[in-house]
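Some notes on the structure that comes next.
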Amino acid sequence: MTQPGRIAAAGFRRELGLWDTTVVVAGAIIGIGIFVNPSNVARILPAPEWMLLVWLAGGALAMIGGFVYAELGSRLPQVGGQYVYLSRAWGPFAGFLYGFALLFVINTGGIAAVASALASYVDGSFVPLGAVGRLGLAAGVIVLLTEINVRGVRPGKRANNSLMILKLGGIAAIGVLMLVKRPAAATTYHLPMVSEVTLTAFFAALVPVLFAYGGWQNCGSLAAEIRDAGRTLARANILGVALVVVVYVGLNWIYLRVLPPAEVAASTALAADVARALAGELGARFVAALTVVSCLGFLAVITMTGPRLYYAMAEDGLFLRRAATLHPRFGTPSFTLRLQAGVALVLLVSQTYDQLLSYVVFCDWLFFGLTAAGLFLLRRAPGDVHGNHFRAPGHPWTTAIFVAISAGVVANSFVAAPRQAAAGCAVLAVGTVAYRIYGRQARRR
């Protein structure tokens with residue numbers, strides 16, 4: 366078996382600069398969650414000050430996570446990203462389990478769910494499609510974005526960058542519209558006593574916030590295609606997460622400026638309701654279009670990143686041999702790109718992605734915590750020196766906080782959603798069996 370997470374850059378083309386990589390970080394985070402999740406938060410924390418505070422707290426935690434992954438990416442700028450970090454710190458079993466969960470639950474379930482949501486927005490706001498039409502559109506988007514990425518990292522980055530510009534432009538337009546309309550403040554701020562907001566409620570509200578902030582870990586998989594990867598990954602992680610924090614807190618302030626907290630909590634399509642209050646039905650349709658663009662941007666990034674990780678697993682002998690091949694002309698992991706699309710299409714057609722997504726928080730934060738804890742091991746590894754790589758500010762304290770919060774989210778899953786947590790454990794158990802098979806094969810090579 367090869368050294369876990371060895372660099373396997375032969376054949377990859379370094380086409381991604383700082384802006385491109387920052388777009389990957391931010392694009393993997395900004396999906397549809399920010400357009401709907403604030404309502405879930407408002408149902409738990411009705412005080413507007415605490416609603417903003419929990420988004421700031423989530424942003425602070427995301428920044429700490431961004432710092433941790435910035436150092437890991439700077440230390441290990443290798444194709445495979447989080448798979449490499451886990452494998453180097455904890456051994457190949459941990460890396461394999463993450464890759465297994467990514468292929469069969471996290472990435473593919475997310476792709477199927479967001480593609481389905483995109484089709485529903487098109488059906489509800491623009492063109493009547495019906496059930497078959499929605500399914501066809503969702504499947505078509507998955508296939509189209511996959512084939513764009515098969516044809517090279519350059520077409521993929523152009524799609525990512527264009528969609529991010531449209532996404533940020535649309536969000537900025539909502540802010541400009543609010544400034545032009547200057548609605549009377551719908552919310553009066555006064556910081557309530559801490560006793561009015563229990564710690565349990567605050568952490569319960571933090572769960573959907575953390576779900577909305579998730580995604581900063583994805584860009585590390587592209588290290589073999591990033592120019593000056595060690596430095597660029599660190600800077601892009603920090604810039605991308607910071608951009609998202611500004612966008613998220615700003616949008617929540619706009620929501621609460623336009624609608625009172627009770628209406629925010631009652632809304633099932635918050636961004637559309639805010640835009641409707643500002644500009645009528647035209648505003649609501651604009652937000653529907655913005656949501657479609659946001660879905661496309663998220664799908665474009667996730668489609669690009671995951672297959673590089675599966676490729677790295679195969680290079681280490683822990684996945685199908687064919688998965689370790691690149692397209693002879695385009696230099697992309699075409700097999701794993703299409704494999705990922707195939708799994709996502711199966712989940713889409715079988716309508717099982719909703720159940721799978723309920724396991725995502727458990728799986729994601731389990732591996733977030735393990736990855737961050739791995740930084741302690743990597744810093745203590747023999748031969749570790751303070752080289753030119755980025756160092757996470759505040760380590761070990763900030764990293765310890767991130768690990769503790771990650772453990773809390775995982776533990777809370779067993780209390781708040783025991784079935785989903787048990788199902789997440791079942792996924793990992795299946796992954797353990799798969800590892801025994803592939804691990805045995807790898808040792809024979």
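Be aware that the sequence shown starts at 366, since it is given in the numbering used here, and climbs by one per residue.
All C-beta atoms in this analysis are idealised placements derived from N, C-alpha and C, irrespective of residue type, glycine included.
Judged by pairs of C-beta atoms under 8 Å, the stretch 594–614 touches the stretch 383–403, as three or more such pairs exist. If you draw a straight line from the Cα of proline 758 to the Cα of phenylalanine 432, it is about 7 Å long. Close CB contacts of isoleucine 399 within its chain, under the 7 Å cut and outside five residues either way in sequence, are with Ala577, Tyr613, Leu616 (chain order). Exposed is the label assigned to proline 783, since fewer than 16 other Cβ atoms lie within 10 Å of its Cβ. Beta-bridge pairing by DSSP links isoleucine 591 to Leu381.
By the Cβ test, the stretch 669–683 is in contact with the stretch 701–713, since at least three Cβ pairs between them sit closer than 8 Å. 7 Å or more divides the Cβ of glycine 739 from the Cβ of glycine 585. Remark: three or more beta-carbon pairs, one from each stretch, lie closer than 8 Å, so the stretch 535–546 and the stretch 648–665 are flagged as touching.
Here the C-alpha atom of leucine 661 lies approximately 30 Å from the C-alpha atom of leucine 735. Assignment of serine 632 by DSSP, reduced to helix, strand and coil, places it in the coil class. Collapsing the DSSP output to three states places alanine 412 in coil. DSSP, reduced to helix, strand and coil, places proline 493 outside both helices and strands of the structure shown, so it counts as coil.
Secondary structure note for leucine 743: its alpha helix (DSSP H) is the uninterrupted segment 725–745. Cα atoms of glycine 460 and glycine 804: separation of roughly 12 Å, rounded to the nearest angstrom. Excluding residues up to 5 positions away in sequence, Met416, Pro626, Val629, Ala630 lie with their Cβ nearer than 7 Å to the Cβ of alanine 407 in the same chain. Within a 10 Å sphere around the beta-carbon of threonine 565 sit fewer than 16 other beta-carbons, which makes this residue exposed. The beta carbon of phenylalanine 767 sits closer than 8 Å to those of Leu426, Ile429, Gly430, Val433, Phe733, Gly734, Ala737, all from its chain and outside the five residues before and after it, given in chain order. Residue burial annotation: isoleucine 802 is exposed, with fewer than 16 other C-beta atoms found within 10 angstroms of its C-beta. Following the DSSP letters along the chain, one finds arginine 453 inside the alpha helix (DSSP H) bounded by residues 447–455. Counting other Cβ atoms within 10 Å of its Cβ, proline 573 reaches 16 or more and is therefore classed as buried. Glutamine 443 sits in coil when the DSSP states are folded into three classes, being neither helix nor strand.
Between valine 518 and leucine 381, the beta carbon gap of about 7 Å places them in contact (Cβ cut-off 8 Å).
When the Cα atoms are used, glutamate 590 and serine 771 turn out to be separated by approximately 30 Å. Straight-line spacing of the CA atoms in tryptophan 384 and proline 761 works out to 29 Å. In this structure, tyrosine 463 keeps its C-beta atom at 7 Å or more from the C-beta atom of tyrosine 450.
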